[in-house]
Structure formats: C-alpha cells, structure tokens
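For reference, the structure is listed below as structure tokens.
Numbering (UniProt numbering), first residue to last: 1 to 293.
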C-alpha cells in the first residue's frame, strides 16, 4: 500500500480487475475522508460508466465503492475502486514536489519521456483541455483544479482529472458553500478580489479555465505561477495581478509561442474575458497542427 502524498487517512493499492485484467486502484479511506469518498464517487460515477472505461478516459473512473458500517481494524471505513491512478504521474510530482530528497529535476530525468519536449507538452495540453471540456459537458465544475489533480494514466499524452472533493453539479447545486473551498495559488482570483461576489461565479466554467491555465503554465515552464499564497493575495489587493499574469504568459511563450497565445486567452482576471474551452481547443489544434478537426 502507498500513503496518499496529499491526504491523511488515505492509502492506495494497485490491483487488477478480474473481469478483464485491467489495471485499477483501490483507495482506502478513514472516517475523516467521508466527504472525499462521497463527492468523488458521485462525480466520477455520473460522468463515465465502468463499461465505458478506456485507457484515455478524461476523469478517474469509479469501478466500485463500499461504505462499511464501521471502520476496519486498520481504521478504514470507505473503499473506492477506480481506474488506474499513480500519484507519481501527477503534474505536481513531475514538476513541483520534492520528497525524500528526490528533486523534480532528478525525477524528470528518470521518466520514460522528456517533459521538456514540446511534442509531449502539446499533446498533454490538448488532452487536459479536452478532459476539462468533458467534465463541463457532463455539468460538473471542478473548482479545485491544481497540478496534484491532473495525471496521466498509461501514455504520457493521455491526461485525466481527479480530486472532485469540491466539485459541484450544475445547475442543481447552485449553493453558497464557497467558504469550504480550499485556498491555493491555482484558484481563480475572483474568490479573493470580491467577498460579495455572487455565488454563481463559483459554479461557472470560467473558474476552471483560469485554474487550468495556471496548471498549463506549470506544464510549459516547470515553474509555479506564484511564489506563495501571500504573494498572490498581494497582487489581487494591489490590483496588479493582470500585470503579473502578462509576465507569466510571456514566460510561457519562451517555451513555445503557442503557449503565449493560449494562456493569454485563459488567464484573464475578469472571468467574462476568459475564452471558452471549445475555442481554446480549436486554437491549440490549429497552432500546433495536431490533427484535423
């Protein structure tokens, strides 16, 4: 078993599905993770049926779930079986984490692909744009997109989304629970800039477009968009965030000009100015000549 790198009371175990021998992952959770269990089972289970599972599924797929009446001797009460998930395959682990003296740079050297190669970045970006669109098409807004929730399964160009703890189904769940949303440097700025912002702003697809844009900045450059939450808040309070973001966009453009064009349409402080995913996907395909639409 492997301890989840970002959650307490949560361990993972690799397994194979008996019906077809396909790789899967068993998630064991303590009672502390009851909300995580319930929301992730609900969200992923409503988007993809287990029979429709493929190696390039856009989200982590629920294959089975069990809530025990009481915890086991090991303290686990919730068991969630999903498509294959390896925490070492997240954008967080590839580019940002340092664990047990293992630097991101050293880890990248051990990967079976070169994360600095633009071909990898181009296909991974397209995959993530499409995965986010898939989620929105099924009426789910993630609201917590960040590098640890983006991962590749088998092929490094096939990426998916997980971590639906704070996802909301629209339009039926238009409720004001923004106080429970986590604060981190990949969250949308409207959650900081205006405490009286309408709750509906937090169930808009634009909130995911911003967060995905910052994640793609990390994919393009290998860097965090902000040094700290304190720095991010200062930019918002001083109303200088757009200027900083323009610097991020220019920096991503040094990796490839197509990133500058893409991120300039995603990283707009005003959520109304962020482009749609359909438009962004079309732009990315055309700029990188990936395939015929």
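All C-beta atoms in this analysis are idealised placements derived from N, C-alpha and C, irrespective of residue type, glycine included.
Three-state secondary structure assigned by DSSP to residue i
{"i": "residue 285", "result": "helix"}
{"i": "residue 27", "result": "strand"}
{"i": "residue 224", "result": "coil"}
{"i": "residue 82", "result": "strand"}
{"i": "residue 94", "result": "helix"}
{"i": "residue 76", "result": "coil"}
{"i": "residue 151", "result": "strand"}
{"i": "residue 168", "result": "strand"}
{"i": "residue 141", "result": "strand"}
{"i": "residue 63", "result": "strand"}
{"i": "residue 240", "result": "coil"}
{"i": "residue 6", "result": "coil"}
{"i": "residue 208", "result": "helix"}
{"i": "residue 88", "result": "helix"}
{"i": "residue 293", "result": "Confidence at residue 293 is low in this model, with a pLDDT of 45, below 50, so its placement is unreliable and the value that follows should be read with caution. If DSSP states are grouped into helix, strand and coil, residue 293 belongs with coil."}
{"i": "residue 1", "result": "coil"}
{"i": "residue 40", "result": "helix"}
{"i": "residue 269", "result": "coil"}
{"i": "residue 136", "result": "helix"}
{"i": "residue 248", "result": "helix"}
{"i": "residue 33", "result": "helix"}
{"i": "residue 58", "result": "coil"}
{"i": "residue 187", "result": "coil"}
Beta bridge counterpart(s) of residue i as assigned by DSSP
{"i": "residue 275", "result": "Residue 275 pairs with nothing; no bridge assigned."}
{"i": "residue 111", "result": "In the DSSP output, where bridge partners are listed per residue, residue 111 has none listed."}
{"i": "residue 159", "result": "152"}
{"i": "residue 14", "result": "25"}
Among the options, nearest to residue i - alpha-carbon criterion
{"i": "residue 142", "options": "205, 2 and 60", "result": "205"}
{"i": "residue 124", "options": "161, 19, 17 and 236", "result": "161"}
{"i": "residue 31", "options": "253, 71 and 62", "result": "71"}
{"i": "residue 256", "options": "151, 181, 116 and 244", "result": "116"}
{"i": "residue 65", "options": "75, 239, 43 and 86", "result": "43"}
{"i": "residue 214", "options": "230, 290, 13 and 265", "result": "265"}
{"i": "residue 158", "options": "168, 138 and 131", "result": "131"}
{"i": "residue 73", "options": "60, 111, 28 and 114", "result": "28"}
{"i": "residue 187", "options": "236, 75 and 288", "result": "236"}
{"i": "residue 113", "options": "156, 63, 67 and 284", "result": "156"}
{"i": "residue 75", "options": "93, 11 and 81", "result": "11"}
{"i": "residue 19", "options": "4, 9 and 50", "result": "50"}
CB of residue i within 7 Å of CB of residue j, strictly
{"i": "residue 95", "j": "residue 247", "result": "no"}
{"i": "residue 39", "j": "residue 165", "result": "yes"}
{"i": "residue 220", "j": "residue 250", "result": "no"}
{"i": "residue 24", "j": "residue 84", "result": "yes"}
{"i": "residue 232", "j": "residue 226", "result": "yes"}
{"i": "residue 58", "j": "residue 134", "result": "yes"}
{"i": "residue 307", "j": "residue 61", "result": "Residue coverage of the chain in this structure runs from 1 to 293, which leaves residue 307 outside it and unanswerable."}
{"i": "residue 212", "j": "residue 261", "result": "no"}
{"i": "residue 185", "j": "residue 148", "result": "no"}
{"i": "residue 140", "j": "residue 122", "result": "no"}
{"i": "residue 267", "j": "residue 129", "result": "no"}
{"i": "residue 126", "j": "residue 290", "result": "yes"}
C-beta neighbour in chain B for residue i, strict 7 Å
{"i": "residue 46", "result": "Absent from the structure: chain B. Only one protein chain is present."}
Cβ-heavy atom distance, residue i to the ligand NAD, below 6 Å
{"i": "residue 69", "result": "Among the components of this structure there are no ligands whatsoever, and the ligand NAD is therefore not found."}
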